[in-house]
Amino acid sequence: MPPVLMPAVLHETQPKVGPYGYQEWDAKRELKSLITKIPSLLTGMTECFQSDVATPSGKITEQSDFWKTPIRCIEVISYPTTENETRIDRDYEMELLETQRSALAASITPAIYEAEEDLLDWDAHIETPPPPRSSGTIKGRFRYAGPRKPIPLDDPYA
Amino acid sequence: MDDYQWYKIVEGDEIQQGDILENCPVFVLPPEVDLDSPTILNRIYEIPFQSSDVIVISQTCDMVKGREKISEVLLCAVWKKSDLTSGAMSTKKDWNDARKGTMPGFHVLNKCDLERFKRDYMVVDFHRVHSLPLALTRQIAIRLGQRIRLLPPYREHLSQAFARFFMRVGLPVDIPEF
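Same order as they appear, the protein sequences are chains A and B.
Under our numbering, the first residue of the first sequence carries the number 8, and numbering increases by one thereafter.
Under our numbering, the first residue of the second sequence carries the number 89, and numbering increases by one thereafter.
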């Protein structure tokens, strides 16, 4: 009887350096974005360790320590089918391919926890703003007007 | 449910928090201007300015005509969604994060469907603040003619978001994870 294929989480790697929350979150976001841009990762043998990703065409790695974020490693494990298995129309080859594909996709996804999704990204900013609609210069001379004085206000307690 | 409009069209020189001034000139003093130089009062400088869309952050009650309590108006840059094509706030995810409040440096404003003032979704950029003299801001508002004003409670929501960003405190030594 053919085996049933089940993806199972084996372990998660630990970062070498424990970055602070926002750094780790930024790194994971960048890594996730990088991975999705490289189709070769999804077509060949892929191995993940720390946050370095090895592909048939070479290893993608980053020097910076805070890139060493945990990666969830998944392995396909075979279990014997139960005696209750009654389906006769199963395409085991297709099931094997689909399981391999889903396990592969999962294995190159950084482990991002739901709680971390709520982290505040204080550092996000627009580095290069859109160009101004118009710009120019005015010519002028500076004039010293003396030290500023506070605006007199009505005393609410008077 | 009541129809809580986001914007209304206003004109005139009454400035309120939430007023959006499009193509408002903002001045950027060049770094080479040496304010301590003894010759600064004699030289003629070229002061660059840019036209930028800005939103009024100062409190309305501080800008009431005849009872002004401030002399400069605090403004923040506003970007239209279509303006941002690269970097931060160029992806759907960033816009969703900013909408949910997980990017405290930004505050998303709804699109405007008012006749003749149809505008895309906008984002207020708390990293880029400007100030202009209140009297000059009134003149600019008059020159602009009609403009859109963010309405309560959305303008208070904006004000609160600005305060949250401005009052942030970064701890040099954080408490480790339990």
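C-beta atoms are modelled at their ideal positions from N, C-alpha and C, and glycine is treated no differently.
None of the values given here were measured: they were computed from a predicted structure.
Within chain B, the residues placing a beta-carbon under 8 Å from that of LYS146/A are ILE132, TYR133, GLU134 and ILE135, ordered along the chain. For ALA229/B, not one C-beta of chain A is nearer than 8 Å to its own C-beta. Between ASP171/B and chain A, the shortest Cβ-Cβ separation is below 8 Å. Straight-line spacing of the CA atoms in HIS215/B and VAL116/B works out to 15 Å. The Cβ neighbour count for MET101/A, taken over all protein chains shown within 10 Å, is under 16; the residue is labelled exposed.
The DSSP-derived three-state label of ASN184/B is helix. Distance between PRO157/A and ILE236/B, taken at the CA atoms: about 31 Å. CA-CA distance, PRO119/B to GLU265/B, rounds to 43 Å. Contact note: GLN138/B reaches chain A through PRO139 and SER142, using a C-beta cutoff of 7 Å and chain order. Residues of chain A whose Cβ lies closer than 7 Å to the Cβ of GLY175/B are, in chain order, ILE133, GLU134 and THR135. At a cut-off of 8 Å between beta carbons, ASN111/B contacts chain A. In the three-state DSSP reduction, PHE149/A falls in the coil class, being neither helix nor strand.
A distance below 8 Å separates the beta carbons of LYS157/B and LEU160/A. In the structure shown, ARG243/B adopts helical secondary structure according to DSSP, grouped into three states. In this chain, the alpha helix (DSSP H) harbouring ARG226/B covers 222-232. If you check each beta-carbon in the region 191-204 of chain B against every beta-carbon of chain A, the ones closer than 8 Å belong to MET191, PRO192, GLY193 and PHE194. Against chain A, the beta carbon of LYS157/B has neighbours under 7 Å at ILE158 and LEU160, listed in chain order.
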